[in-house]
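Engineer: Protein chains in written order, with our numbering: chain A, 9 to 292; chain B, 17 to 300.
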Amino acid sequence: MIRTLPCSRLYKVGYSLYILLFYIFLIMPLVTICVLAFNDSNFIALPWNGFSLDWFFADTDDRLGLFKDPDLMMSVWTSVETGFFVAMFSTIVGTIAALLFEEERFRFKGLLYFLALAPLVIPGVVLGISILLTSTYTGTYMEETFGWDMEFLSPGFWLVVIGQFSFGATYVMLLVGARLKKFDKVLEEAALSLRATRLEVIRLITLPFLRPAIIGAFVVTFLISFSNFNTTIFLIGSDPTLPVDLYSRIKFSSTPVLNAVSFMIVMFITFSAMISFVLNRKKI
Amino acid sequence: MKKRSGTFYLLLVPVLLWLVMLIVVPHLDMFFRSFRFETDEGAMIFSLNNYLAFFEDQIYWLTFVKTALYSIGVTFLAFVVTFPVAFYLTKVIAKKYSSFMVLLLLIPIWIGELVTIYGWMILLSDNGVINNFLINIGLIDTYLPMLYNNFSMTIGLLYMSMLFMIVPMMSALESLDDSLIEAASDLGASKWTIFYRIVIPYTTPGIASGGIIVFMLVIGDYVAPNILGGKSSLWFTEQIYNKFLATFNWNEGAAFGFLLLMLSSTIIWIALKLTGQKLEKVGS
Chain A
9 MIRTLPCSRL YKVGYSLYIL LFYIFLIMPL VTICVLAFND SNFIALPWNG FSLDWFFADT
69 DDRLGLFKDP DLMMSVWTSV ETGFFVAMFS TIVGTIAALL FEEERFRFKG LLYFLALAPL
129 VIPGVVLGIS ILLTSTYTGT YMEETFGWDM EFLSPGFWLV VIGQFSFGAT YVMLLVGARL
189 KKFDKVLEEA ALSLRATRLE VIRLITLPFL RPAIIGAFVV TFLISFSNFN TTIFLIGSDP
249 TLPVDLYSRI KFSSTPVLNA VSFMIVMFIT FSAMISFVLN RKKI
Chain B
17 MKKRSGTFYL LLVPVLLWLV MLIVVPHLDM FFRSFRFETD EGAMIFSLNN YLAFFEDQIY
77 WLTFVKTALY SIGVTFLAFV VTFPVAFYLT KVIAKKYSSF MVLLLLIPIW IGELVTIYGW
137 MILLSDNGVI NNFLINIGLI DTYLPMLYNN FSMTIGLLYM SMLFMIVPMM SALESLDDSL
197 IEAASDLGAS KWTIFYRIVI PYTTPGIASG GIIVFMLVIG DYVAPNILGG KSSLWFTEQI
257 YNKFLATFNW NEGAAFGFLL LMLSSTIIWI ALKLTGQKLE KVGS
């Protein structure tokens, strides 16, 4: 049953076997993609035709490798840019929200906090369409009434940033708020009684304490943005982000270049995870 | 009431802007728009037609019901599949190995849904890895149609959501004192009794928050049903997607979006009431 209790051999073996099967289930799709990224074939699946780097570097009539495909590189870059802005705005507003809800008392705080948590239980598709509706009609209204052409309100880069920010800030608020709960309020009170202003206290004492959580939240929101599809698809303009680009390629023109892109993503995430694992272990 | 410092408003205003402009207004807007209907003469009127369209066309409400039932089913399946893993990682395996095994669980989450679902597409396709494997070991003679049906859709939904359940369950299990289990075992309780009289009741908060996250991800998902599901495995998000991006009937799409929002909120509300949880707990 648990470490300290003896149990039958059959139970132990059966349980370990189940865990093994679970992990095989878990890594099977990832291993498959990574292997087939090097398949010398024009089809995404088997049979295996031998090793080739074509889907990374080729530039021939029937094979366009990942690094030679300007559309694909462009959508990677769009995703990086989007992720950066989403992470930045979410981190700023989410941290402010964490400070507001943890340290201030005001009327309707409960209601506001509920609204701030709402993106967790609003399906991403619904967030996407509601923001699309409002921004489009607001944009049309502004143009017809005042003659202002507010480009960021029509589907495109900035609308994607706005849409992803709307739930990104919630994650930051939760991550930073969790660390703020461990903060010793006496430090702030000491600074206040030494005549620091409230803003100075936040800048010089609270924020430095929160720094690890803020950096962590920035990375988390970047990754959430980088892989988001459900909200993004409704807000996208002419420049797709990587998930949207991958989606349309999977649906309409799948070549093994998809395996190559996926291989790069899998490797990047795995290495980052390993590095953070090793760094964290050193600290302990 | 004491006078507010300027800092308070400096914190409040960005948060208010975020919540009002991106959460409250768009969803109210979506709600009102769902009652707008364009008559044959081109005039916009207030009507229930968008909702009538939903009830009149069988395919819509059948998909709606199917989405609801499947989401509950997949959530339950995710619990059954991952609970032994969460228990194993917190209570059975030696601590020094468990952190690495937990890290492996996080990798597919960060890689993102689109890549992993694509991996499953390759695995399950007619010319895919699993079919080739089964034929090579002589278990089957011809390709099994595993892709583009409810089976493949369920695998995809399970895979992309189940890992979100393990972490909350693990944190609940970690606080469960081993001596409780030891005591029950000393007093002659069977494994099964320990499981459903001690472990499950103690872990309920973790199961509830994990279950809600999984349910939300599944009911609002578009990628897995669309890429892995076939013609017969429709998902309600696909109907919304079609209304917005294929037929451009945004008012009806708004009504569908609102219905999805109501569906997910109702089921989550019931789940919270049944388990005596609060939404605030789910986030943390």
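The C-beta atom is built at its ideal place from N, Cα and C for all residues, glycine as well.
Treat the numbers as computed from the prediction; the structure is a model and nothing was measured.
Between I223/B and the rest of its own chain, which residues show a CB-CB distance below 7 Å, the 5 nearest in sequence each way excluded?
Structural biologist: Taking the first residue of the second sequence as 1, we reach residue 223/B at position 207. Closer than 7 Å at Cβ, skipping near neighbours: F95, M185.
Engineer: What residues from chain B crowd round G132/A, counting only those whose CB sits closer than 7 Å?
Structural biologist: In the first sequence, counting from the first residue as 1, residue 132/A sits at position 124. Residues of chain B passing the Cβ test: G236.
Engineer: Cβ of I256/B less than 8 Å from any chain A Cβ?
Structural biologist: Here the question's residue 256/B lines up with position 240 in the second sequence. Cβ-Cβ to chain A under 8 Å: yes for I256/B.
Engineer: Tell me the DSSP secondary structure of M278/B in three-state form.
Structural biologist: Numbered from 1 along the second sequence, position 262 holds the residue referred to as residue 278/B. Looking at M278/B - three-state DSSP - the assignment turns out to be helix.
Engineer: Give a yes or no on whether the minimum CB-CB distance between R187/A and chain B is below 8 Å.
Structural biologist: Translated into the one-based positions of the first sequence, residue 187/A becomes position 179. No, R187/A does not count as interfacial toward chain B.
Engineer: Between I100/A and D237/B, what straight-line distance do the alpha-carbon atoms span, to the nearest angstrom?
Structural biologist: Looking up residue 100/A in the first sequence gives position 92. Looking up residue 237/B in the second sequence gives position 221. Rounded to whole angstroms, I100/A to D237/B spans 28 Å at the Cα level.
Engineer: Identify which residue in A287/B, L277/B, F264/B has its Cα closest to the Cα of P42/B.
Structural biologist: Here residue 42/B is taken as the residue at index 26 of the second sequence, counted from 1. Comparing Cα-Cα distances from P42/B to each of A287/B, L277/B, F264/B, the minimum goes to L277/B.
Engineer: Would you mind telling me which residues of chain A sit closer than 9 Å to R213/B, beta carbon to beta carbon, in chain order?
Structural biologist: On the second sequence, position 197 is the one that residue 213/B refers to. Ordered by position in chain A, no residue passes the 9 Å Cβ test against R213/B, which lies about 13 Å from the chain.
Engineer: How would you list, in chain order, the residues of chain A whose beta-carbon sits under 7 Å from the beta-carbon of R49/B?
Structural biologist: As a position in the second sequence, residue 49/B is number 33, starting the count at 1. What R49/B touches in chain A: L141.
Engineer: Quick check: what's the CA-CA separation for F154/A versus A199/A?
Structural biologist: If you number the first sequence from 1, residue 154/A lands on position 146. If you number the first sequence from 1, residue 199/A lands on position 191. Between F154/A and A199/A, the C-alpha separation is close to 49 Å.
Engineer: Just the C-alpha distance for L122/B and G185/A, rounded to the nearest angstrom, thanks.
Structural biologist: Numbered from its first residue, the second sequence carries residue 122/B at position 106. Numbered from its first residue, the first sequence carries residue 185/A at position 177. Whole-angstrom Cα-Cα distance: 22 Å.
Engineer: Smallest Cα separation from F160/A: which of S256/A, Y26/A, L140/A?
Structural biologist: Along the first sequence, read from residue 1 onward, the residue named residue 160/A stands at position 152. Selected option, being the one with the closest Cα: L140/A.
Engineer: Just the C-alpha distance for N147/B and L28/B, rounded to the nearest angstrom, thanks.
Structural biologist: Along the second sequence, one-based indexing puts residue 147/B at 131. Along the second sequence, one-based indexing puts residue 28/B at 12. Computed Cα separation, rounded: 57 Å.
Engineer: Pop quiz: T142/A and D45/B are said to be a contact at Cβ under 8 Å. What is the actual Cβ separation, rounded to whole angstroms?
Structural biologist: Taking the first residue of the first sequence as position 1, residue 142/A is located at position 134. Taking the first residue of the second sequence as position 1, residue 45/B is located at position 29. Yes, they are in contact, since the Cβ atoms of T142/A and D45/B sit about 5 Å apart, within 8 Å.
Engineer: Counting C-beta neighbours from all protein chains within 10 Å, is the total for I156/B 16 or more, i.e. buried, or is it exposed?
Structural biologist: Residue mapping note: residue 156/B aligns to position 140 of the second sequence, counting from 1. Exposed, because fewer than 16 other Cβ atoms sit within 10 Å of the Cβ of I156/B.
Engineer: For a contact meaning CB atoms closer than 9 Å, what does S280/B contact in chain A?
Structural biologist: Here residue 280/B refers to the residue found at position 264 when the second sequence is read from its first residue. V129, I130, P131, V134, listed in chain order.
Engineer: From this set, E152/A, V43/A, L25/A, L207/A, which residue's C-alpha is nearest G22/B's C-alpha?
Structural biologist: By one-based count along the second sequence, residue 22/B stands at place 6. Among E152/A, V43/A, L25/A, L207/A, the Cα nearest to that of G22/B is on L207/A.
Engineer: Measure from the C-beta of Y23/A to each C-beta in chain B and report whether the shortest distance is under 8 Å.
Structural biologist: What you label residue 23/A is simply residue 15 of the first sequence in a count that begins at 1. Y23/A counts as touching chain B.
Engineer: Beta-carbon of P161/B versus every beta-carbon of chain A: anything under 8 Å?
Structural biologist: In the second sequence, counting from the first residue as 1, residue 161/B sits at position 145. No, its Cβ sits nowhere closer than 8 Å to a Cβ of chain A.
Engineer: At 4 residues or longer, and completely inside the region 194 to 221 of chain B: list those alpha helix (DSSP H) runs for me, N to C.
Structural biologist: With a minimum length of 4 residues, the continuous alpha helix (DSSP H) runs that stay inside the region 194 to 221 of chain B are 194 to 202, 207 to 210.
Engineer: Quickly, what does DSSP pair F53/B with across the bridge? List them, please.
Structural biologist: Walking along the second sequence from the start, residue 53/B turns up at place 37. Bridge partners of F53/B: I61/B.
Engineer: In angstroms with no decimal places, state the Cα-to-Cα distance between I151/B and T263/A.
Structural biologist: The residue labelled residue 151/B in the question sits at position 135 within the second sequence. The residue labelled residue 263/A in the question sits at position 255 within the first sequence. Straight-line Cα distance between these residues: approximately 24 Å.
Engineer: For E112/A, which of S138/A, E196/A, L128/A has the nearest alpha-carbon?
Structural biologist: To locate residue 112/A, count along the first sequence from 1; it is residue 104. Looking at the Cα atoms, E196/A is the closest of the given residues.
Engineer: Three-state secondary structure (DSSP) at D142/B?
Structural biologist: Counting from one through the second sequence, the residue named residue 142/B turns up at place 126. DSSP places D142/B in coil when its eight states are reduced to three.
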